[in-house]
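Working notes, structure below.
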Amino acid sequence: MDVMKPDLYYVDGRCYRRMKIKYPEYNDEIWNDDISQLNAENEICERIEGVVITEETTEGVLATLNIANSYFCYIVGRKKETKLRLEKETNTTITVPNQEERLPVTVKGKTKYSVMSCARRIMMIVNAARLRQPFTHFLSIPFTALEIITNFENFKDSVLKECVECNNICEDLFQNPNRLHLTVGTLVLMNENERKIARELLHQCKESLVLPILKKDLSNVSCRLHGIEIMNDDPANVDVLYGKVEFDSVEELDKFQQFVDKVCEHFETSGLLINKFEHIKLHVTLLNNLFQRGSDSEELSDKTSDGEKNKQRRVAFDARKILKHFGDFEFGIQPSLSLHLSQRYAFESNGYYLCTDRI
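Going by this note's numbering, the sequence shown opens with residue 1, and the numbers climb by one from there.
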């Protein structure tokens, strides 16, 4: 058919042209193969962190889930509604121990697909519940060299002396000089098993991240704390004022940034750490209005692990004069770095956060 002279049809006084349509040819054998369910099963049956298949026979499959007993109530639900719904929808049987028992949650079903599907949904419930818990531990890099502590105390004295008339500036805003640190990430560790996993992950970082990225041991890395900045855009209403972490070269800075970002990614795979940012901000908190409420953690201490703030009123302070007079303040060199798994609200004899483990 000539496209310039198509077939014409007249309907109710209207003229329509009919164009030839060429439909693509399909191989019927492809469409007869139902691979969607196969792909779904392969995806569901992939390894899930914290889930172990302990029994797999022709009669059925049994999986154990290493879950802190603090989350048992979320799995069971109100009047066992959550547990019963999961069992019905996945055709499995879920056994949840009593709170006092140190036993794993188990899932039993006829197929591996149904068991792993149920286990995945349980772990999603646990992770959602974890988001609402306050932090118990955090990954920190101490900035407690004597030079930095001394200069920070001088900075504090000078600010209190010269900015006394500024709105809401007081001694309680300042971090304890023995607890100056860079926060890499925050964790919710509810039992000894989760703490053990966190320690193992930390030591894995030494072999898989420290040497490959930094090309030397972390203890041989040095940096300086120089200059100050604020978290928000309005210097007249500030919640957090911090010191900037600097390196001798851009290359060293890029390597260290890559290192801390990869540490966070490594811990995220376990579900114990939630990071909502693409890059970790390299900073050391110096003033924080949360400290006025007696908080002994870091700048995110009023947040749950999903980053949502508890509904507590923060009283902002005026940092304009501090930025003007001390914007280029030199705090000093941190000659050696170390990465700690620090426990919140617990402290060493030197005043720093209690170290659960370190590299």
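In this text, a Cβ means the ideal position worked out from N, Cα and C, and glycines have one as well. Computed from a predicted structure; not experimentally measured.
Apart from the 5 residues on each side of it in sequence, residue 103 sits with its Cβ closer than 8 Å to the Cβ of 97 in its chain, given in chain order.
With distances taken between CA atoms, residue 126 lies nearest to 76 out of 76, 90, 335. Residue ranges of uninterrupted alpha helix (DSSP H) with 4 or more members, entirely inside the segment 177-216 and ordered along the chain, are 192-205. Only residues of its own chain outside the window of five on either side were considered, and among them 114, 117, 118 have a CB closer than 6 Å to the CB of residue 90, listed in chain order.
Across the structure, residue 177 and residue 320 are spaced so that their CA atoms are roughly 23 Å apart.
Contact annotation: the segment 316-330 touches the segment 147-158, with at least three C-beta pairs closer than 8 Å.
Annotation for residue 106: the continuous beta strand (DSSP E) segment containing it runs 105-109. The C-alpha of residue 83 is placed about 19 Å away from the C-alpha of residue 111. Taking the Cβ atoms as the reference, residue 341 lies roughly 12 Å from residue 181, outside the contact range of under 8 Å.
Sequence-distant Cβ neighbours of residue 54 in its own chain, meaning closer than 6 Å and more than five residues away, are 62, 64. Judged by DSSP in its simplified three-state form, residue 279 adopts coil rather than helix or strand. Inter-residue distance for residue 122 and residue 51 is about 10 Å (C-alpha atoms, whole angstroms). Under the 10 Å beta carbon count, residue 350 is surrounded by fewer than 16 other beta carbons and is classified as exposed. Under the Cβ criterion (8 Å, minimum of three pairs), the segment 207-227 counts as touching the segment 242-260.
For residue 258, the three-state secondary structure derived from DSSP is helix.
Contact between residue 209 and residue 245 is absent: CB atoms are separated by about 18 Å, not below the 8 Å threshold.
When only Cα atoms are considered, residue 279 and residue 261 end up about 6 Å apart. The C-alpha of residue 335 lies about 38 Å from the C-alpha of residue 313.
Residue state for residue 166 is assigned as coil, using DSSP reduced to three classes.
The C-beta distance from residue 243 to residue 286 rounds to 5 Å, short enough to fall under 8 Å.
Under the 10 Å beta carbon count, residue 163 is surrounded by 16 or more other beta carbons and is classified as buried.
Judged by beta-carbon spacing, residue 99 lies beyond the 8 Å limit of residue 188, meaning their Cβ atoms are not closer than that value. Taking the C-beta atoms as reference points, residue 197 is found nearer than 8 Å to residue 272. The beta carbons of residue 174 and residue 156 sit about 5 Å from each other, so the pair counts as a contact at 8 Å. When the beta-carbon positions are compared, residue 250 and residue 316 stay at least 8 Å from each other. Proximity to residue 248 across 201, 216, 101, 333 peaks at 333, based on C-alpha coordinates.
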